[in-house]
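What follows is one structure encoded as structure tokens, with my remarks underneath.
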Amino acid sequence: MRLALGGEVSSRWHNVVDMVITRLLMIGLFLGAVFLFAGPSAASPLTDEIRTALIGIVQDSVDSQIRLSGRLEVNGGALFPVYRQNDFTPFWHHELGLTPLARQWIDQLRSSSDEGLCSDDYRLPLLEALHDFEADSLRYGVLFDPHYQAILDLLLTDSFFRYAGDLLGDEQPQVDLLRRLLARVLREGSFETVPAALEPSHAEYRILREQLHRLQRLAALGGWEIVPAAETLRFGDAGVAVDLLKRRLVLDEDLAPLDAVEDEGFGGKTDAAVRSFQRRHGLRADGVVGLRTFAELNVPVEQRLRTIEQNMQRWRSMPASLGARHIRVNIAGFQLEVHEGDEVVMTMPVVVGTGYRKTPQFSATMRYLIFAPYWNVPPTILREDKLPKIKADPGWLVRHHYEIVPWKKREQGAALDPYRIDWSRIDARNFPGLLRQRPGRWNPLGRVKFMLPNRHAVYLHDTDSPHLFASEQRLFSSGCIRLERPEDLAQYLLVENGDWTCDRLFDALERSSEYRVDLPEPLPVHIVYWTAWVDSAGKMQWRPDIYQRDTDLEVSWRQRFEQLRYRQTAEDEVKTDP
Numbered sequence: 000m001r002l003a004l005g006g007e008v009s010s011r012w013h014n015v016v017d018m019v020i021t022r023l024l025m026i027g028l029f030l031g032a033v034f035l036f037a038g039p040s041a042a043s044p045l046t047d048e049i050r051t052a053l054i055g056i057v058q059d060s061v062d063s064q065i066r067l068s069g070r071l072e073v074n075g076g077a078l079f080p081v082y083r084q085n086d087f088t089p090f091w092h093h094e095l096g097l098t099p100l101a102r103q104w105i106d107q108l109r110s111s112s113d114e115g116l117c118s119d120d121y122r123l124p125l126l127e128a129l130h131d132f133e134a135d136s137l138r139y140g141v142l143f144d145p146h147y148q149a150i151l152d153l154l155l156t157d158s159f160f161r162y163a164g165d166l167l168g169d170e171q172p173q174v175d176l177l178r179r180l181l182a183r184v185l186r187e188g189s190f191e192t193v194p195a196a197l198e199p200s201h202a203e204y205r206i207l208r209e210q211l212h213r214l215q216r217l218a219a220l221g222g223w224e225i226v227p228a229a230e231t232l233r234f235g236d237a238g239v240a241v242d243l244l245k246r247r248l249v250l251d252e253d254l255a256p257l258d259a260v261e262d263e264g265f266g267g268k269t270d271a272a273v274r275s276f277q278r279r280h281g282l283r284a285d286g287v288v289g290l291r292t293f294a295e296l297n298v299p300v301e302q303r304l305r306t307i308e309q310n311m312q313r314w315r316s317m318p319a320s321l322g323a324r325h326i327r328v329n330i331a332g333f334q335l336e337v338h339e340g341d342e343v344v345m346t347m348p349v350v351v352g353t354g355y356r357k358t359p360q361f362s363a364t365m366r367y368l369i370f371a372p373y374w375n376v377p378p379t380i381l382r383e384d385k386l387p388k389i390k391a392d393p394g395w396l397v398r399h400h401y402e403i404v405p406w407k408k409r410e411q412g413a414a415l416d417p418y419r420i421d422w423s424r425i426d427a428r429n430f431p432g433l434l435r436q437r438p439g440r441w442n443p444l445g446r447v448k449f450m451l452p453n454r455h456a457v458y459l460h461d462t463d464s465p466h467l468f469a470s471e472q473r474l475f476s477s478g479c480i481r482l483e484r485p486e487d488l489a490q491y492l493l494v495e496n497g498d499w500t501c502d503r504l505f506d507a508l509e510r511s512s513e514y515r516v517d518l519p520e521p522l523p524v525h526i527v528y529w530t531a532w533v534d535s536a537g538k539m540q541w542r543p544d545i546y547q548r549d550t551d552l553e554v555s556w557r558q559r560f561e562q563l564r565y566r567q568t569a570e571d572e573v574k575t576d577p
């Protein structure tokens, strides 16, 4: 899949399509003449001829790819079982050529941008060229070679599978699922229910799609003007730059059109609109339009569209059910939310991993809490941060409340004497045990950690550095998630939704020895990376791509698109020798 606005199809692509049409037309005229002179009795039924051509194409292919012509290939691993189960009868043709359903499907691909997808990823230009030529063949009474009708049939099925897979958010969806979906479409004779059947059921996805359509309409009208960043703008200012600023705020729905007219210059209503804009973009809401606010104001509408498309794709990869009650942590937004149905009942700032030690995206289940936790030093931090200090001075361990527990005695907690270890022979690979820091105010996990077993060894926890929450971009951890108010989350989990009292919770938070508490009800946790979303108040939120994951996603989509493009001339791509 590729962004709907993520780049234009090159002129070479259009030249290829034009050459394909021209050459196919020549073939059609030749074969049409043969057909007219030979008479209709010489031809077998059309679907039988297409079926024979389909069998021949598959038999001539190797490995998992079905070679159509030249370097034009489709995924045989997905298509071959489907056509074999259908006895190689074409899906998209009948005795008169293309079925009405096939034409409906091409129309559906033309509107794929409505879902934040790109029609070129499904070879729409080539499908349109072959469709138009087949229509011209019928119109002028010439024969369209069944071999190319078989190619068109395979391309239509391949595009259906690709489109369905993209809506499902699955790079390699199961063939059985795709076959059942195709059978349903063929049975119903309509694609109207396809997006609804495949796209995420989450209301947030649908609302984000509405914002996509709003920005698409704005882009079609030319987008928004640049607000010159020549000087700082603030309350009381006036002039051309302020007028441009107000028009920009109206387009982003931070300022009502009537308020923009009534507010003289940079008045109170404009000030409130600027603060709203700043909050929605993760900036300090001080009402002063400086360099960072100007930068966000002047992001092109096309780039905003790309960002929405990327985040719609992330929603497609989310579980079908998030859980009636669940926790979401948005890495890019530095925010935790507790959801109960459609209501957000708790929010708090979080600290996430640095650009070097990035917090991963995943879903897991929170199952227990540990009060007064030990901090088990991860292997990477041991190798890069701690081991050089220990080897230089073993006393560093004692002064900073660390201990080394032999691997076989972890449960007993018997620590090694650091002064009796020959550190000259120790490296990260033969470290003699588990390095951990004892519970206490010095411990980076603070008073409690919230455990959600996962392969990334990531969890939520308190912190010994609360001052970091004052930063706008909180990229300070080694991958785990630090909470500003862990005691509030613990109270929600154990007191409001369990049988604990506040006094018991307070005592647990003051413990000096490790203490595990299983949750009365496990809670789903989703660690997400959203750079664009609509909040519970219906406001569009934007955040910087702190880990460059939007960029990575766009690059992967472009690479996929490049794999679909023709790399040879039209003569090589579609064999044209009759």
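Under numbering that gives the first Met the number 0, the first residue of the sequence shown is numbered 0, with each subsequent residue one higher.
Idealized CB from N, CA, C, for every residue including glycine.
Just so we're clear, the structure is a prediction, and the values are computed from it rather than from any experiment.
Pick from the options: whose alpha carbon is nearest that of residue i?
i, options, result
"residue 325", "339, 316 and 334", "339"
"residue 323", "201, 159 and 77", "201"
"residue 162", "115, 129 and 146", "115"
"residue 512", "370, 68, 374 and 98", "370"
"residue 357", "445, 319 and 456", "456"
"residue 442", "421, 495, 416 and 376", "376"
"residue 44", "86, 73 and 94", "94"
"residue 515", "134, 440, 92 and 372", "372"
"residue 218", "466, 531, 302 and 98", "302"
"residue 353", "242, 88 and 544", "544"
"residue 331", "209, 134, 505 and 532", "532"
"residue 300", "64, 250, 258 and 349", "250"
"residue 211", "258, 112, 313 and 239", "112"
"residue 75", "100, 89, 57 and 117", "57"
"residue 126", "136, 101 and 248", "101"
"residue 392", "406, 414 and 422", "422"
"residue 557", "509, 119 and 489", "119"
"residue 273", "233, 534, 378 and 319", "233"
Are residue i and residue j closer than 8 Å when you measure CB to CB?
i, j, result
"residue 473", "residue 361", "no"
"residue 59", "residue 70", "no"
"residue 549", "residue 269", "no"
"residue 537", "residue 519", "no"
"residue 216", "residue 540", "no"
"residue 425", "residue 417", "no"
"residue 104", "residue 153", "no"
"residue 151", "residue 129", "yes"
"residue 523", "residue 321", "yes"
"residue 526", "residue 328", "yes"
"residue 460", "residue 468", "no"
"residue 241", "residue 264", "yes"
"residue 194", "residue 167", "no"
"residue 53", "residue 149", "yes"
"residue 347", "residue 199", "no"
"residue 491", "residue 345", "yes"
"residue 109", "residue 123", "yes"
"residue 261", "residue 247", "no"
"residue 258", "residue 276", "no"
"residue 121", "residue 158", "yes"
Starting from residue i, follow its DSSP beta bridges and name the residues at the other end.
i, result
"residue 362", "525"
"residue 96", "93"
"residue 460", "448 and 481"
"residue 334", "329 and 348"
"residue 533", "539"
"residue 597", "Past the boundaries of the shown model lies residue 597; the chain is included only from 0 to 577, so the question cannot be answered."
"residue 382", "DSSP, once it has assigned bridges, lists no residue as partnering residue 382."
"residue 74", "64"
"residue 232", "288"
"residue 432", "405"
"residue 514", "370"
"residue 476", "352"
"residue 261", "For residue 261, which the question treats as bridged, DSSP gives no partner whatsoever."
Between residue i and chain C, is the shortest Cβ-Cβ distance under 8 Å, so that the two count as touching?
i, result
"residue 315", "No chain C appears in this structure, which consists of one protein chain only."
inquiry  = With three or more beta-carbon pairs closer than 8 Å as the criterion, would you say the region 228-241 touches the region 287-294?
reply    = yes
message = So, does the region 395-402 touch the region 428-442, judging by three or more C-beta pairs under 8 Å?
response = yes
request  = Taking 8 Å as the threshold, find out whether the region 443-463 comes into contact with the region 471-488 through three or more Cβ pairs.
outcome  = yes
request  = Determine, using beta-carbon pairs with one atom in the region 142-162 and one in the region 302-317, whether at least three such pairs fall under 8 Å.
outcome  = no
query = On the three-pair Cβ rule with 8 Å, is the region 499-506 touching the region 171-189?
reply = no
ask   = Okay, do the region 375-392 and the region 339-350 touch, 3+ Cβ pairs below 8 Å being the bar?
value = no
task = List in chain order: all unbroken alpha helix (DSSP H) runs of 4+ residues lying wholly within the region 127-170.
result = 145-167
query = Quick one: any contact between the region 140-150 and the region 47-57, if contact means 3 or more CB pairs under 8 Å?
reply = yes
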